[in-house]
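The numbering of the sequence shown is numbering that gives the first Met the number 0, which starts it at 0 and goes up by one.
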Amino acid sequence: MTLMLMLNRMHPGTEPVIRSQSQLPLAIKLRDQAVFASYYAGPNAEIVDQLQHYPMAGGGVIWLWGDSATGKSHLLQAMCAEIAQSAYLPVAQIESTGPDMLRGFDRFQLVCLDDIDLMPGNRAFERSLFGLFQELVTERSGTLMVSSTRAPRELTVHLADLKSRLLSGPVYRLVRLSEHERLQAIKQRAQRRGLELTDETGEFLLRHFKRDMRSLCDLLDKLDTAALVQQQRRLTVPLLKSAIADPDH
Numbered sequence: 000m001t002l003m004l005m006l007n008r009m010h011p012g013t014e015p016v017i018r019s020q021s022q023l024p025l026a027i028k029l030r031d032q033a034v035f036a037s038y039y040a041g042p043n044a045e046i047v048d049q050l051q052h053y054p055m056a057g058g059g060v061i062w063l064w065g066d067s068a069t070g071k072s073h074l075l076q077a078m079c080a081e082i083a084q085s086a087y088l089p090v091a092q093i094e095s096t097g098p099d100m101l102r103g104f105d106r107f108q109l110v111c112l113d114d115i116d117l118m119p120g121n122r123a124f125e126r127s128l129f130g131l132f133q134e135l136v137t138e139r140s141g142t143l144m145v146s147s148t149r150a151p152r153e154l155t156v157h158l159a160d161l162k163s164r165l166l167s168g169p170v171y172r173l174v175r176l177s178e179h180e181r182l183q184a185i186k187q188r189a190q191r192r193g194l195e196l197t198d199e200t201g202e203f204l205l206r207h208f209k210r211d212m213r214s215l216c217d218l219l220d221k222l223d224t225a226a227l228v229q230q231q232r233r234l235t236v237p238l239l240k241s242a243i244a245d246p247d248h
């Protein structure tokens, strides 16, 4: 079974899902906030600018890598949000679909494969990926974008021709945000949701909860729900404590 997703520009409140060819919905959803405007670039500003201005018409390969919670999935989905004929494929969700997991995706203009290092040395995946490269990039001048947590040189790839092809385009490394930058990032994300996050509350979050951006964004989702329930759009420390203490929020 092939997993497929065609993305148009996302709007707040939408939850596009990946569907199989039989149109049965699968449990893979994209964040409605995963667009370029909601990504706080910080030290990665030059990379984000390069991605936004990448010449799609010429095709090629883009490799994005960096530590976990640096925003790789966000940027892959943001790329898809900009391109109508695009497909976002998290490798963790497609690995069980068999050796033909990537067949048929050459019809898109952009294909984004998230976390390719989850299949180290998987020969079936390598053959499928090599075939996708040949059909999408070489024959149709499409663009293939991949992400990994580890550096490209550290990945085990048995097909030498595949690794050289994947490294034929730009390779970008994302770096983690500083504590101050993380505070600015969650304030920006809160503002896009119509929430007011005070410096006091933001600093409290950073002192008392996990500081990686993925955890902070998940916590902000929870605060958004709590604020809606309490009809309070200003995020305060008491509201934060109440939301965390209440498992129903």
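Note that CB positions come from ideal geometry on N, CA and C, so glycine has one too.
Under the criterion of beta carbons closer than 8 angstroms, L117 and A91 qualify as touching, at roughly 6 angstroms. G141 is classed as buried because its beta carbon has at least 16 other beta carbons within 10 Å across all chains shown. Scanning its chain for C-beta atoms nearer than 6 angstroms, with the 5 sequence neighbours on each side dropped, one finds around I46 the residues Y171, in chain order. Around the beta-carbon of S147, 16 or more other beta-carbon atoms lie within 10 Å, marking it buried. Under DSSP, G59 forms a beta bridge with T142. Three or more Cβ pairs closer than 8 angstroms define a contact, and the segment 157–165 falls short of that threshold against the segment 187–201. A86 has V110 as its beta-bridge partners, per DSSP. With a cut-off of 8 angstroms on Cβ pairs, the segment 127–140 is not in contact with the segment 173–181, counting fewer than three such pairs. In the DSSP annotation of this structure, the continuous segment of the alpha helix (DSSP H) that includes R164 starts and ends at A159 to L165.
DSSP places S147 in the strand class (E or B) of the three-state scheme. Residue burial annotation: D114 is buried, with at least 16 other C-beta atoms found within 10 angstroms of its C-beta. Taking the Cα positions, R126 is about 51 angstroms away from K240.
Remark: fewer than three beta-carbon pairs, one from each stretch, lie closer than 8 angstroms, so the segment 185–194 and the segment 152–162 are not flagged as touching.
The closest CA to that of G57, considering only V136, F132 and G41, is found on V136. If you look at V170, you'll find it in the beta strand (DSSP E) that goes V170 to L173. Judged by their CB atoms, L173 and T69 are nearer to each other than the 8 angstroms cut-off.
In this structure, the alpha-carbon of F35 lies about 5 angstroms from that of A77. For L204, the secondary structure class from DSSP, reduced to helix, strand or coil, is helix. Beta-carbon to beta-carbon, L75 and C111 are separated by about 4 angstroms, close enough to satisfy the 8 angstroms threshold. If you look at Q190, you'll find it in the alpha helix (DSSP H) that goes E178 to R191. Your pair L205 and L234 does not check out as a contact, with CB atoms roughly 14 angstroms apart and the cut at 8 angstroms. For the pair M144 and L88, the CB atoms are not nearer than the 8 angstroms cut-off.
As computed with DSSP, G65 is found in a beta bridge with L173.
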